[in-house]
Amino acid sequence: MKSGLVVVLSALLLAACGGGGGEAGPSSSGVTVDTRFGPVAIERPPTRVVALGWSDAEAALALGVQPVGASDWLAFGGKGVGPWAEGLYRQAPTLLGTTEIDYEAVAALQPDLILNTRSDNDPEKHETLSKIAPTIGAPKDVIPYGTSWRQQVELVAKALGKVPEGEKIIADLDAKFAANRKFEGRTTVVGAYFDGKFGAYVSGDSRADFMEAVGFTLREDVEALAAGTFYVDISAERLDLLDADLPVLFPIGGDAAPLKGNPLVPEKALILEDKTLVNAFSSGSSLGLAHALDHAVPLFTAALG
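Residues -24 to -1, 1 to 281 (mature numbering (1 follows the signal peptide of the UniProt record, and there is no 0)) make up the sequence shown, in order.
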């Protein structure tokens, strides 16, 4: 694989003066973006963007830029984004891997910018990607997959030369969250069931942060289990940790039967079965979270009576 990547990179260097193709770039150039891996200089407006990080493609689309390649983290299929964003593509991107990056496939797309703002923060991956094109990683002091929607918009907007557009996206979503902040004084746990095991999301994960943004308080004893991660395992013997004023639970990659049929799962738990809603809730993108606010908050209100 390494020799193949070297060949592709050499070809890219020879073609560097050639035309690009893809979506038109931003209106300004010559920016520097600060990341956990140091400052990243972008000398000219990107025209061929590859979006590898969780929901980076949706962040670019919200700003009017269509990636030529993207990772499909939530297994949407099709164009690799949720239905709230799919119509923003005029041409489907090349879909790429998620946790395992095919560097040759990335390089073959001849990107002039790589977005990887929400990822595992692996320095070796970042170094390899940076040899292909300027790569925007996570902000400083962010846990793996912990880049907030706000940070993602800020990073991507600056990299694309679309800061005013990014500021409007942030202001609009802030206002939408403020209008839906209806659950002050209520506690919650956001849990998931995957591969026969239960777990809970903690502060720093977009799902937990969503609940805090609409007024809920996360259980402190669940938060205390986290050690620099966005998710903690909950053993079958400690499913009491999923209890709260409103536990919100959903299955990953399966149906909800194990949640509904388990007597240890809190009876008052709101079990999300609508895959589109779960994906919006999990996307951590400005577009997906706006969809989740429209469709999840009414469910929270109804569940609490």
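By construction, the Cβ of each residue, glycine as well, lies at the ideal position given by its N, Cα and C atoms.
Which first and last residues belong to the beta strand (DSSP E) in which residue i is found?
i      : result
Ser47  : 45 to 47
Leu64  : Taken as a continuous stretch (DSSP letters only), Leu64 belongs to no beta strand (DSSP E), as it is neither H nor E.
Lys173 : 173 to 177
Phe226 : 222 to 227
Thr205 : No beta strand (DSSP E) contains Thr205, which DSSP labels as neither H nor E.
Tyr121 : Premise fails: Tyr121 is in no beta strand (DSSP E) and is neither H nor E.
Ala27  : 25 to 27
Asp10  : 7 to 11
Thr70  : 70 to 72
Thr163 : 163 to 170
Exposed or buried, what is residue i when buried is set at 16 or more other beta-carbons lying within 10 Å of its beta-carbon?
i           : result
Ala33       : buried
Ala51       : exposed
Ala151      : exposed
Phe170      : exposed
Gly230      : exposed
residue 290 : Outside the displayed span of the chain (-24 to 281) sits residue 290, for which this structure offers no information.
Arg94       : buried
Thr123      : buried
Leu269      : buried
Leu240      : exposed
Ala35       : buried
Ile228      : exposed
Lys107      : exposed
Gly264      : buried
Leu280      : exposed
Pro21       : buried
Gly172      : exposed
Lys138      : buried
Glu196      : exposed
Ala278      : exposed
Is the Cβ-Cβ distance between residue i and residue j less than 8 Å?
i      : j      : result
Ile210 : Phe153 : no
Leu131 : Val9   : yes
Val273 : Ala220 : no
Ser262 : Ala83  : no
Ile119 : Phe206 : yes
Ser31  : Gly180 : no
Ala184 : Leu194 : yes
Phe192 : Phe159 : yes
Ala176 : Gly167 : yes
Leu149 : Ala266 : yes
Thr252 : Ile112 : no
Ile146 : Arg162 : no
Pro140 : Ile18  : no
Gly45  : Pro15  : no
Give me the Cβ distance between residue i and residue j, rounded to the nearest whole Å; I'm assuming they're in contact under 8 Å.
i      : j      : result
Tyr79  : Gln42  : Incorrect: roughly 22 Å between the Cβ atoms, too far for contact.
Leu71  : Asp48  : 5 Å
Val254 : Phe276 : 14 Å between Cβ atoms; not a contact.
Ala114 : Val7   : With 8 Å as the limit, Ala114 and Val7 do not qualify as a contact, their Cβ atoms being about 18 Å apart.
Along the alpha helix (DSSP H) that carries residue i, what are the first and last residues, could you check?
i      : result
Gly281 : Segment: none, Gly281 is in no alpha helix (DSSP H) and carries neither H nor E.
Val82  : 79 to 84
Does the count of Cβ pairs from the region 14 to 34 and the region 89 to 96 closer than 8 Å reach three? yes
Contact between the region 56 to 64 and the region 94 to 106: three or more CB pairs below 8 Å? no
Pairs of beta-carbons, one from the region 214 to 228 and one from the region 239 to 250, closer than 8 Å: are there three or more? yes
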